[in-house]
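Novice: Dropping a structure here in structure tokens format, bear with me for questions.
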Amino acid sequence: MEHEAEVVGVGAGSAPSGDVPAVILSARGEYVPIFVSGDQAQSIGMALEGEPFDRPLTHDLLVDILTEFGGAIDRVRVDDLRDGTFYAKVDAERYDDGEPERFVFDARPSDALALAVRVDCPIVVTDEVIDEAGRPPDSIRFGGDGDPSEER
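Going letter by letter, the sequence shown gives residues 1295 to 1446 in the working numbering.
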């Protein structure tokens, strides 16, 4: 089963090697931290805050190109977690002569989420992912700046 999710913040998650950037999703009453690169965390965080960019970042460019060619992102799915690696899909469509043509693209969750926050499309997470990676909300603390970090 799939559950609608929202990005509640970008911050630091705990890993054996120390704190690493993470995007925190809220779904089914739990938080799901997804580790991302520093650049991805910054890109997602800036998009969440609505900060303008002097020049388009990669995800902004991709959205612009997709839109220019008549496409749209319908939703993003975080639908698998294997050996500690999250997997995602981007569901998109375009209209050709009034008929929808649907596409599904395999994506890194960080890229899929960066696109989702830019186009404000639904994000869904499967039960399997939440069951394996979900954390109780009280296990994630939010600092004074609103950035979440996972308690050890």
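We treat Cβ as the ideally placed atom computed from N, Cα and C, and that holds for glycine.
Tell me whether the beta-carbon of A1382 lies closer than 8 Å to the beta-carbon of D1368.
Specialist: In the sequence shown, residue 1382 corresponds to position 88, counting from 1. In the sequence shown, residue 1368 corresponds to position 74, counting from 1. No, these two residues do not count as a Cβ contact at 8 Å.
Novice: Cβ of V1423 within 8 Å of Cβ of V1326?
Specialist: Taking the sequence shown and counting its residues from 1, the one referred to as residue 1423 is at position 129. Taking the sequence shown and counting its residues from 1, the one referred to as residue 1326 is at position 32. Closer than 8 Å, so yes.
Novice: Would you decide whether G1438 is buried or exposed? Buried here means 16 or more other CB atoms lie within 10 Å of its CB.
Specialist: Residue mapping note: residue 1438 aligns to position 144 of the sequence shown, counting from 1. Any reading at G1438 needs caution, since the residue's pLDDT is 48, under 50, leaving its predicted position unreliable; the model's value is listed next. Answer is exposed; the Cβ neighbour count stays below 16.
Novice: For I1338 versus V1317, is the C-beta distance shorter than 8 Å?
Specialist: The sequence position of residue 1338 within the sequence shown is 44, counting from 1. The sequence position of residue 1317 within the sequence shown is 23, counting from 1. The answer is yes: Cβ separation under 8 Å.
Novice: Between the beta-carbon of V1370 and the beta-carbon of V1384, is there less than 8 Å?
Specialist: If you number the sequence shown from 1, residue 1370 lands on position 76. If you number the sequence shown from 1, residue 1384 lands on position 90. Result yes, Cβ atoms of V1370 and V1384 sit closer than 8 Å.
Novice: DSSP three-state call for P1315: helix, strand or coil?
Specialist: Sequence index remark: in the sequence shown, residue 1315 carries index 21 (1-based). Of the three classes helix, strand and coil, the one that applies to P1315 here is strand, per DSSP.
Novice: Tell me the DSSP secondary structure of V1302 in three-state form.
Specialist: Locating residue 1302 in the sequence shown gives position 8, where the first residue counts as 1. Three-state DSSP puts V1302 in a strand.
Novice: In angstroms with no decimal places, state the Cα-to-Cα distance between T1379 and D1425.
Specialist: Taking the first residue of the sequence shown as position 1, residue 1379 is located at position 85. Taking the first residue of the sequence shown as position 1, residue 1425 is located at position 131. Approximately 14 Å between the Cα atoms of the pair.
Novice: Are the beta-carbon atoms of E1324 and G1392 separated by less than 8 Å?
Specialist: One-based indexing of the sequence shown puts residue 1324 at position 30. One-based indexing of the sequence shown puts residue 1392 at position 98. Not in contact: E1324 and G1392 (Cβ atoms no closer than 8 Å).
Novice: Less than 8 Å separating the beta-carbons of R1402 and H1353?
Specialist: Position 108 of the sequence shown holds residue 1402. Position 59 of the sequence shown holds residue 1353. No, these two residues do not count as a Cβ contact at 8 Å.
Novice: What does the alpha-carbon distance come out to for the pair A1341 and A1410?
Specialist: Here residue 1341 refers to the residue found at position 47 when the sequence shown is read from its first residue. Here residue 1410 refers to the residue found at position 116 when the sequence shown is read from its first residue. Taking the straight line from one Cα to the other gives about 10 Å.
Novice: Excluding the 5 residues preceding and the 5 following Q1334 in the sequence, name in chain order all residues of the same chain whose CB lies nearer than 6 Å to its CB.
Specialist: Here the question's residue 1334 lines up with position 40 in the sequence shown. Same-chain partners within the cutoff: S1404.
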